[in-house]
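Each residue of the sequence shown is one higher than the last, beginning at 0 in numbering that gives the first Met the number 0. For glycine and all other residues, C-beta sits at the position ideal for the given N, C-alpha and C. Heads up: the structure comes next, in structure tokens.
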Amino acid sequence: MNLIKSSALTKAALILPFFAISTAFASPAGTRASDAMDTLAAQWEHVSVGTGITKEKATIHELLSAFHRHWPTGVFGKLIQDEKGVMDIKNGYAEVQFHNPETDSVEVGVATIWRRKNGHTLLGITIDRNISDFGTSQIVMFYDYNPATGNLVPEKSYAGCQIPESHKALRPVIELPRQGKNIEVTEFNPEISISLRHTCTFNGMIHKYASTVIETDADFIGLLPPQAQEYDVDLTPSYYTFYDIDRDGYPELWLTDLTGDYQQMYSVKEKTQLLGWSDYKTHFRFFPGVLANSGGCGTMCFITVYTTIRDSRPVDYLNEITSGDFEGNQVVTYTVGNLDEGSENTTEIPVREGAEKVRTFGLPYEDDLPEWHRVRKVLVRGDRFQR
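Encoded structure:
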């Protein structure tokens, strides 16, 4: 990440509630620069920008100058007029940091161009707005430059480069490249010990989602039970998806390895919390508001742990244990427990009561399994684990 943007995002991560891509932060009334920025955020996607030039390989300076003339927000003015900042013509990259005294805000502007196979040029622009102690929002814009017309035509669908669906608790931030052609989209939340960094690769015309790096704190790995940590595969899942068990609008993070033998389910609402873990002997099923983990528990023993999820939090669990002997006799027992500050208080209940509780869970979900997305690697912050 470039130094200017890194500084802005670090401050944002400490003090910010989250905003969606391409959304402007509500600004104090009566400030001209702020009004111009709000207008840009609301209207850029509906307005083509004339450049006044018609050559095939327009430079980043030429295209950004045309953008600034049409949208004079003040962010890129110093860079274009006074050369204060980075204007890398060779790599098609520009970057500037601007302190706006009217709003006491810091605006960071970044722009990159890509040459398309059809002779056009793709222009990407991001503006990060750090408004004092209120936080930062990001405006993301993409344009297609057509040398035949000299116009910059908005490409709204480009924002986010078609990454997998964003989580409501994670704020996506786009990073445009100075070197190479990839776009990085980082989804983060300072209250949660996990972030997702997506890579979108350029195929000569558009960027397409390629893979995700999961970045975690060492404490995130520590959420797994000791028996899970002995398997290296558990620390490096191959796929992830979001799956809303309790239908509260905040889907849970579901990780798995390549075979599906090792799986983890986490809540990432307000804090990271392990909801369930399975190995090669067990497997997940999902009921409305319930995560069921089933598998063997020893010789002639089978167990299902039903964990009730409410508001993205585990509230209680029910163990259904079936054991047998070599004469074919089977015994079913049920235990229930409450989850209180991480402690588990288990009590055996009558078989009829346990069976009725299982019946009330209803039928498992079967036809709404989400799409899996590839995890390239896991990076663990801190020195407990180094991947």
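8 Å contact criterion, which residue i and residue j should meet: CB distance rounded
i, j, result
"V267", "E319", "Incorrect: roughly 28 Å between the Cβ atoms, too far for contact."
"V95", "F66", "Contact doesn't hold; Cβ gap of about 13 Å is too wide."
"I191", "T271", "5 Å"
"I348", "V335", "6 Å"
Boundaries of the alpha helix (DSSP H) in which residue i is found, first to last residue
i, result
"K83", "Where K83 is concerned, there is no enclosing alpha helix (DSSP H), given that its DSSP letter is neither H nor E."
"V74", "Per DSSP, V74 belongs to no alpha helix (DSSP H) and is neither H nor E."
"E251", "Not the alpha helix (DSSP H): E251 falls in the beta strand (DSSP E), residues 251 to 255."
Cut-off 8 Å between Cβ atoms - residues of its own chain near residue i, not counting five sequence neighbours on either side
i, result
"G29", "Its pLDDT being 36, under 50, G29 is placed unreliably in this model, and the value from its coordinates should be taken loosely. Here the set comprises nothing."
"R246", "P287, G288"
"T471", "Limits of the chain in this structure are 0 at one end and 386 at the other, which puts residue 471 out of reach."
"L378", "V212, I213, E214, T215, R386"
"E61", "T50, I52"
"N90", "R177, Q178"
Run of the beta strand (DSSP E) containing residue i, from where it starts to where it stops
i, result
"K207", "206 to 216"
"R358", "Premise fails: R358 lies in the alpha helix (DSSP H), 350 to 359, not in any beta strand (DSSP E)."
"T240", "238 to 242"
"F201", "193 to 201"
"G118", "Here G118 belongs to no beta strand (DSSP E), and DSSP marks it neither H nor E."
"V46", "No beta strand (DSSP E) holds V46; DSSP gives it neither H nor E."
Cβ-based neighbour list, residue i, same chain, cut-off 6 Å, excluding 5 preceding and 5 following
i, result
"M140", "W43, I124"
"H98", "V105"
"S131", "Reliability of the predicted coordinates at S131 is poor, the pLDDT of 45 falling under 50, and the value obtained from them is presented with this limitation in mind. Around S131: D103."
"D87", "none"
"S342", "Any answer about S342 is weak, because its pLDDT of 48 lies below 50 and its placement is not dependable; what the coordinates show is given next. For S342, where only same-chain residues beyond five positions count, there are no Cβ hits under 6 Å."
Per DSSP, the bridge partner or partners of residue i
i, result
"A291", "R284, Y305"
"R177", "DSSP output for R177 lists no bridge partner at all."
"N318", "V304, T334"
"V374", "T211"
"Y142", "L122, P153"
"I182", "C199"
Contact set for residue i: own chain, Cβ-Cβ below 7 Å, skip 5 residues either direction
i, result
"S64", "I79"
"T281", "N292, S293, G294"
"R309", "D245, G288"
"E186", "S165, H166, L169, R170, P171, S194, L195"
"D382", "With a pLDDT of 44 at D382, under the threshold of 50, the predicted position of this residue should be treated as unreliable, though the coordinate-derived value follows. Excluding positions up to five away in sequence, the list is empty."
CB contact check: residue i to chain D, cutoff 8 Å
i, result
"P287", "Given the protein chain composition of this structure (a single chain), no chain D is represented."
Checklist entry - Is there contact between the region 111 to 122 and the region 202 to 222, where contact requires at least three CB pairs shorter than 8 Å? => result yes
Item to check | Segment contact flag, the region 286 to 305 with the region 315 to 332, C-beta cutoff 8 Å, min 3 pairs | outcome: yes
Checklist entry - Per the contact definition of three or more C-beta pairs closer than 8 Å, is the region 234 to 243 in contact with the region 251 to 260? => result yes
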